[in-house]
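Accompanying notes for the structure given below.
Protein chains: 2
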Amino acid sequence: MSIASDLIRGHTDTIILACLMGGDNYGYEINKSIQQKTGGRYELKEATLYTAFRRLEQAGYISSYWGDEQTGARRRYYSITDSGQGAYRTLIAEWQNAKNMIEQLIQLEENE
Amino acid sequence: MSIASDLIRGHTDTIILACLMGGDNYGYEINKSIQQKTGGRYELKEATLYTAFRRLEQAGYISSYWGDEQTGARRRYYSITDSGQGAYRTLIAEWQNAKNMIEQLIQLEENE
DNA sequence: TACTATACTTCGCCTGTCAAGGTATATTAT
DNA sequence: ATAATATACCTTGACAGGCGAAGTATAGTA
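Those sequence lines, one after another, are chains A and B. Residues in the first sequence are numbered consecutively from 1106, following the working numbering. Residues in the second sequence are numbered consecutively from 1106, following the working numbering.
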């Protein structure tokens, strides 16, 4: 069973930034690590992933460079910027906020 | 401060269904109750609200009828169906799922 | 008489997701 | 040799939900 993408929407950027907080990485590997973290229950679709990279780089939250692999397919590595680290912290705070709000709104109240 | 709409996307239906689990209600009042529950920090935009009603009714999760107000503006009341109650429970379960997954993905791990 | 609150509706734009298709290299199986 | 698979990246076009903006109608208040 997969997860509705509308529930993840808006978290893609945060997920990627969180990943890059742990160090530079490239797209394919980032997605692999996401699959691993969730025990295969979730993965970003390639189109979604690379669209997000463009968006984040455009916003100045990440920067990229080509790896110098001597063998195998080329890799484009991404690095989180200072600005991106700030954005990450903001996004985390917003998530805490949103999470509480959603819980408040979708649960049935016993009292009242 | 408001909340990013992409963080709410996918929860609109659940929020409305949750509201109707407490009994029949009409659009304007539903939105008021949402504002109240969140201390004014959140409200559904009218277009979003009424679009959601159409969608939910289309799906058979809610049904509607006109109120018999003798005065003031007419009100269209909404009622959650059996099917809608099932959908609500499913959506709640999915939220629990998604919530855990997101937390796992966006937080920094101390260990490892 | 104008404004505000209540209450519902529709149109068209914007944005993020994703199916589908493409490119290229290296390894493994037939 | 050749086919298949894994790695790794990229783009296009369609789709769906959120929402700004505008409109309709009624009732109470300044």
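No residue lacks a Cβ here, since even glycine has one placed at the ideal position from N, Cα and C. Note that the structure is a prediction, hence the values are computed from the model and not measured.
Worksheet item: Are the beta-carbon atoms of Tyr1166 of chain B and Tyr1131 of chain B separated by less than 7 Å?
Response: no
Practice prompt. Mind checking who Trp1171 of chain B pairs with in its DSSP beta bridge?
Written response: B:Arg1181
Item to complete: Would you check if the stretch 1206 to 1214 of chain B and the stretch 1141 to 1149 of chain A touch, i.e. whether three or more CB-CB distances between them fall below 8 Å?
Response: yes
Worksheet item: Can you find a CB in chain A that lies within less than 7 Å of the CB of Asp1173 of chain B?
Response: no
Discussion item. Which residues of the stretch 1185 to 1207 of chain A have a Cβ closer than 8 Å to any Cβ of chain B? Give them in chain order.
Written reply: Leu1196, Ile1197, Glu1199, Trp1200, Asn1202, Ala1203, Lys1204, Met1206 and Ile1207
Worksheet entry | Euclidean distance between Cα positions of Ile1185 of chain A and Arg1180 of chain B | 51 Å
Fill in: Cα-Cα separation, Gln1163 of chain A to Ser1169 of chain A
11 Å
Item to complete: Give every residue of the same chain whose Cβ lies closer than 7 Å to the Cβ of Thr1153 of chain B, excluding the five residues on either side of it in the sequence, and list them in chain order.
Response: Thr1117
Worksheet item: In the stretch 1144 to 1156 of chain A, which residues sit with their C-beta less than 9 Å from some C-beta in chain B, listed in chain order?
Response: Arg1146 and Tyr1147
Discussion item. Taking CB distances under 7 Å as the criterion, tell me whether Asp1118 of chain B reaches chain A.
Written reply: no
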